[in-house]
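Going left to right, the sequence shown walks through residues 1 to 108 as this note's numbering numbers them. Backbone N, C-alpha and C fix where the C-beta goes; we use that ideal spot for every residue, glycine too. Remember, it's a predicted structure, so these values are computed and weren't measured experimentally.
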Amino acid sequence: MPTDTSVDPRSFQSFAEFYPFYLREHSNTTCRRLHFVGSTLSLACLVMLLITGKPQYFVYALLCGYGFAWLGHFGFEKNKPASFKRPLYSLMGDWRMYADIWTGKIMF
């Protein structure tokens, strides 16, 4: 499903308004799966940061999260990540979608 490029993510006044837009921007199953994998790997890297205290794991967490997400957007969803215009809401949306996938509210 093509996304509506006329909607500016900065126009949303609350996360509750933004999240349905965020989900439309992740309608491609492969894109959602890549986000899920990237988020899972990011969590693993953050756990390693806590265990080892090595700061490079924070960099790895960012690379995993954004790398997989951007691959999903540019390669499969064919849109620009909303994080370019709404970084905080996009980060919140990613973790909300991650939880919704785990709980079965959103198809993996």
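Reduced DSSP secondary structure (H/G/I, E/B, other) of residue i
i: Ser39; result: helix
i: Gly104; result: coil
i: Asp8; result: coil
i: Ser90; result: helix
i: Gly65; result: helix
Residue i burial status per 10 Å Cβ neighbour count (16 or more: buried)
i: Pro9; result: buried
i: Leu62; result: exposed
i: Ser27; result: exposed
i: Glu77; result: buried
i: Glu17; result: exposed
i: Ser83; result: buried
8 Å contact criterion, which residue i and residue j should meet: CB distance rounded
i: Ser42; j: Gly65; result: 4 Å
i: Thr30; j: Gly72; result: 6 Å
i: Ala69; j: Leu34; result: 7 Å
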